[in-house]
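Numbered according to this note's numbering, the first sequence spans residues 2 to 100. To start, the structure itself, in structure tokens.
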Amino acid sequence: MVTPFQQNVYNAVKKIPMGRVTTYSAVARAIKKPQAVRAVGQALNKNPFSSVPCHRVIRFDGSMGGFARGSKTKLKLLAQEGIKVRGSNIDPSFILKSI
DNA sequence: CTAATGACCATTA
DNA sequence: ATAATGGCCATTA
């Protein structure tokens, strides 16, 4: 079941351009619910659409946060798009603070 | 209706 | 630097 809230989240995440990432809080702001950052994570956790690039959503501090299919996959996908990762943190210059 | 969960964030120690 | 705590919100049982 896809709730309207999840629709908004997925729609916002789809707008993230290739080779760029954004944060959970930025997505929360984009859907006009800045306080629902935690719920955004829930929505992405259950994301049923492969068309939604949920691997481009990371934490506010630059760490990757979680990933439903393992953090290794997330790292791979990010590297595939040319995003530089240093240690467990992502290069801040790739992070979009607003979508 | 209530209670528990979680891919978060800020604050505190 | 890490660890613990509290708050926030949507979803699910």
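Each residue gets a CB set at the ideal place from its N, CA and C atoms; glycine is no exception. Since we're looking at a predicted model, the values are computed, not measured.
CA-to-CA distance, residue j to residue i, given in whole angstroms
{"i": "Ile84", "j": "Pro93", "result": "10 Å"}
{"i": "Val22", "j": "Pro5", "result": "23 Å"}
{"i": "Ile59", "j": "Lys34", "result": "18 Å"}
{"i": "Ile1", "j": "Asn48", "result": "As shown, the chain starts at 2 and ends at 100. That puts residue 1 outside it, with no answer to give."}
{"i": "Ala27", "j": "Ile96", "result": "10 Å"}
{"i": "Gly66", "j": "Ala31", "result": "19 Å"}
{"i": "Lys98", "j": "Thr24", "result": "7 Å"}
DSSP-derived helix/strand/coil call for residue i
{"i": "Asn90", "result": "strand"}
{"i": "Ser51", "result": "coil"}
{"i": "Val58", "result": "strand"}
{"i": "Val14", "result": "helix"}
The ligand FAD heavy atom lying under 8 Å from the CB of residue i
{"i": "Gly88", "result": "This structure lacks the ligand FAD, and indeed carries no ligand of any kind."}
Beta bridge counterpart(s) of residue i as assigned by DSSP
{"i": "Val22", "result": "Ile96"}
{"i": "Ser64", "result": "Asn90"}
Sub-9 Å separation of residue i and residue j beta-carbons
{"i": "Ala44", "j": "Val10", "result": "yes"}
{"i": "Ser52", "j": "Lys15", "result": "yes"}
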